[in-house]
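First residue of the sequence shown: 92, per our numbering; consecutive thereafter. One structure is given here, and the rest of the page talks about it.
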Amino acid sequence: MKINGTYFTRLFDKNFEEFETTEEEIAKAFAKGLKDIRKYKNLTLKQVAEGTDIPFPTIARYESGENIPSVIQAFKLSYFYRIEINDIFKAGYIDDESEEQLFDELFGKN
């Protein structure tokens, strides 16, 4: 939905309670999730670039939130990490402890 030039999207938290967020907040969450996943997996930007065929500077801009990936680029990243795109967003919204638990579950370190 668009209100006064800002898009709002309804999402659900871990308790399945609905909350609203802006496109800007969603983009920030995706950027944070990407960066945190890479760090959790102890990968460098260069390794991600080589594994996805996405240029190194482009991935750096995605992780900083400077650019937003296209659907194709987001899919390449999720495929590379073997994670659902929604889980990248989720990782960007939760606190560090919950994020660590999420990654342990998703990547089999539980």
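We treat Cβ as the ideally placed atom computed from N, Cα and C, and that holds for glycine.
Local Cβ density within 10 Å of residue i, reported as buried at 16 or more and exposed below that
{"i": "glutamate 190", "result": "buried"}
{"i": "valine 139", "result": "buried"}
{"i": "isoleucine 163", "result": "exposed"}
{"i": "arginine 209", "result": "Any question about residue 209 goes unanswered here, given that the chain covers just 92 to 201."}
{"i": "glycine 183", "result": "buried"}
{"i": "aspartate 195", "result": "exposed"}
{"i": "aspartate 187", "result": "exposed"}
Alpha helix (DSSP H) segment containing residue i, residue limits
{"i": "threonine 149", "result": "147 to 155"}
{"i": "serine 189", "result": "187 to 197"}
{"i": "leucine 134", "result": "Neither: leucine 134 is in no alpha helix (DSSP H) and is coded neither H nor E."}
{"i": "isoleucine 174", "result": "Unbroken run through isoleucine 174: none, as it is neither H nor E."}
When you compare the stretch 149 to 161 with the stretch 112 to 132, are there three or more beta-carbon pairs, one atom per stretch, that lie closer than 8 Å?
yes
Inter-stretch contact (C-beta, 8 Å, three-pair minimum) for the stretch 161 to 168 and the stretch 133 to 153:
yes
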